[in-house]
Amino acid sequence: MADECFGHPRLAAIYDPLDPDRSDLDAYVHLAEETEARRVLDIGCGTGVFALLLADRGIEVVGIDPAEASIEVAQGKPGSERVRWICGDVSALPALQVDLATMTANVAQAIVDPKVWQQTLGRAYESLRSGGRLMFETRKPARRAWEEWNREDSHHVTDIPSVGAVESWVEVTDVSWPLVTFRWTYVFAADGQVLTSDSTLRFREREEVEADLLAQGFVVDDVREAPDRPGREFVFLARRPEAG
């Protein structure tokens, strides 16, 4: 099930305006260019920002996400016809042979069920060509990012064209380690509607993620810092070994 911020049509429509700085995607674009990837699988593509960045560079992209409302937003953007959009989880993927598979932003941590996490890594592995790469990020548990998720630090009022002012903030509702649950609240000034979206992230230690990757057949090439968030994230680069 997709969180309401991705699955509710009114919230999916304002997702991009509420989070316009996507410099976090620069490292993913750089890897695609560095490895000369021609085919990319974007798991958890959301509203399609990253998929369309790649498509603009002539890369063949498959974007998959379980949130129909977010896929519809993506399909309404200029250039969307260059991306193959799939609404569903990884079980809906056709047979692929891509050069690079990605899970940007919170996608990896939003897969909280261990069995589903293993299935996702397995399907990513199957979708890669021999020698293909997988890249994703997770927050470092020791950084305790959730301690900053409160109304005082997150409260904003954003004026969105054709929508009006939207007030938003986040608050943690539960910490049951390794799961952290939080709630975003949105207030639409135009009609006073209040919508909420609950999300849960799973915090995994570096060793746990590396073991999960190895269990699916990957080779872990590198674990980097996120360039725009030093000290906060693990960025995993894994590879499907060359055949033979």
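When the sequence shown is numbered by the working numbering, its final residue is 301 and no position is left out of the sequence of numbers. Virtual Cβ for every residue (Gly too), placed ideally from N, Cα, C.
Closest Cα partner of arginine 95 within the set Pro77, Gly189, Ser148: Gly189
Residues sharing a beta bridge with aspartate 146, DSSP: In DSSP, aspartate 146 forms no bridge with anything.
Tryptophan 234, DSSP secondary structure in three states: coil
Other residues of its chain near threonine 177: CB distance less than 6 Å, five sequence neighbours each side excluded: Val147, Ile168
Closest by C-alpha distance to valine 276, when choosing among Glu282, Gly288, Ala84, Arg297: Arg297
Beta-ladder partner(s) of valine 227, from DSSP: Trp241
Alpha-carbon to alpha-carbon, serine 127 and histidine 65: 8 Å
Residues of its chain near leucine 153, where Cβ-Cβ distance is below 7 Å and the 5 sequence neighbours each way are ignored: Leu98, Val119, Ser184
Beta-carbon proximity list for glutamate 91, same chain, < 8 Å, skipping 5 on both sides: none
Separation of valine 140 from alanine 108, as counted between CA atoms: 7 Å
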